[in-house]
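Counted from 1, the sequence shown has number 1460 at position 240 by this note's numbering; the numbering is strictly sequential.
Inspection log for the structure reproduced underneath, given as structure tokens.
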Amino acid sequence: MKNLSVIGIGRLGLCWALVLEKSGYNVVGCDIIEDYVNALNDKTFFSYEPHVNDYLKASKNFTATTDLFKAVNHSDTIFVNVRTDSDFDGKYDHSQVISVVDGLVSLGRQSRRKHLIIATNVNPGYCDEVAEELKDLNYVVSFSPEYVPQGKIIEWDERPEIVVIGEENKDLGDELQEIFNSVCKNDPPVHRMDRLSAEISKLALNCYLTVKISYANSIGDLALRAGADPDKILSAIGSDSRIGSKNLKYGFGYGGPCFPRDNKALIHYSQKVGASIPLNASADQINREHLEFQIKHFIETRPNNTIVIFNGVAADTSNYTDAVEYGSIAYKNGTVILEESQQLYFAIAVAKKGYKVVIIDTDAVLTELKKVYGDLFHYE
């Protein structure tokens, strides 16, 4: 049984560590929060992310630790899945990755070659900097990002749409592809390239999706203004194989922890290298204007006694009359994440206009909303 280590076992890293364990690897996960690590080892940790609780309870070869030395000593192949937030100017903040690198430096030169695989979002060019800093300590560096949606992390870890490997050399790429071959239950296309190209690929893919979502919503807004049917229009457009129907639906704009930040990061990087990608700046603008239109259109077309329901748990709402029902108030159905949720922004706006807004969701979502918004909403 081969050993693997995962540094950073938050939402994404824990899912990846558990998928690796389920695929037959002996995995050590490293995190800095002792109570969290203890809960993982005791198997008392609870997650709303599908399959995590079951995978954790069934695991026999996964151990969590706060000891970086233990994680590094455990395996010569080490994934890094720590969080990268956004700076005020849009670029990714690498401070958590830097902390990991500093920790590796403090451990000194390794007697065996260590393959460090950075899987978190980074600014293009950053992995080359890490490789340069660690090369004299017997580390080699790859970049292989996760293309996974919240609420389906494990599902997409096991059945990814694509795999991208940013490799320093062919042998490292072969080593990483072997891991993916053992994990993936499907046969995804594997794209191998240099690290910089892989970093740009990660941002560019997500940013293309923001353009597609914004285009769909802008056409939908146009249709509603003109008295046409946005759903039928977009269904027709999406039936063309050159376009496709995925992410071409009329509804709330994009939000959450990835798309808005990736857009800003790609715009920042393009400016850094003297390139221009106005499409992505336009996508952000359209996303904002679409929300404004949704709010205005709702207020103009719905009487003030309309009840607005956000139902994130598929509860029976047949007792409500004069109601308009949406899915979860989280940024996406099946998650508990409120970050950049367009649904939440919409709910706040119409509630402040006097509409009764009923939130039916998980305890985690309701607790957070009550803490921040109090009696602005009604909760079930």
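Here a beta-carbon is modelled for each residue, glycine too, at the ideal position from N, C-alpha and C.
| query | result |
| --- | --- |
| Secondary structure of GLY1473, DSSP reduced to three states | coil |
| Exposure of ARG1481, with buried meaning 16 or more beta-carbon neighbours within 10 Å | buried |
| Contact check, ALA1569 vs VAL1528, beta carbons under 8 Å | no |
| Per DSSP, cross-strand counterpart(s) of THR1283 | VAL1248 |
| LYS1432, DSSP secondary structure in three states | helix |
| Cβ-based neighbour list, GLY1554, same chain, cut-off 6 Å, excluding 5 preceding and 5 following | GLY1371 |
| Residue interval of the beta strand (DSSP E) (run including THR1297) | 1297-1300 |
| Three-pair Cβ contact test at 8 Å for the stretch 1390-1402 versus the stretch 1348-1362 | yes |
| The stretch 1482-1498 touching the stretch 1458-1469, judged by at least three CB pairs closer than 8 Å | no |
| Any 3 or more C-beta pairs closer than 8 Å across the stretch 1371-1386 and the stretch 1401-1412 | yes |
| contact_flag[the stretch 1296-1307, the stretch 1225-1237] where n(CB pairs < 8 Å) is 3 or more | yes |
| Inter-residue spacing [alpha-carbon to alpha-carbon] between ILE1374 and SER1243 | 12 Å |
| Contacts around ILE1557, its chain only, beta-carbon distance under 7 Å, and the 5 residues preceding and following it disregarded | GLN1370, GLY1476, PRO1477, ALA1550, TYR1551 |
| The stretch 1273-1280 contacting the stretch 1571-1590, beta-carbon criterion three pairs below 8 Å | no |
| Between the CA atoms of THR1582 and CYS1347 - distance to the nearest angstrom | 38 Å |
| Beta-carbon proximity of ALA1291 to LEU1260, cut-off 8 Å | no |
| Where GLU1545 sits in the DSSP three-state scheme | strand |
| Uninterrupted alpha helix (DSSP H) stretches inside the stretch 1383-1460 (no shorter than 4 residues) | 1390-1403, 1415-1446, 1450-1458 |
| Proximal residues to ALA1446 (C-beta, below 8 Å), its chain only, five neighbours per side dropped | none |
| Alpha carbon of ASN1426 to alpha carbon of ALA1485, nearest angstrom | 11 Å |
| Pick from TYR1256, ASP1322, SER1364 that is closest to GLU1353, judged by C-alpha positions | ASP1322 |
| Delimiting residues of the alpha helix (DSSP H) encompassing ILE1487 | 1479-1492 |
| Cβ-Cβ distance between GLU1349 and GLY1386 below 8 Å | no |
| Distance between ASN1341 and TYR1575 (C-alpha atoms, nearest Å) | 39 Å |
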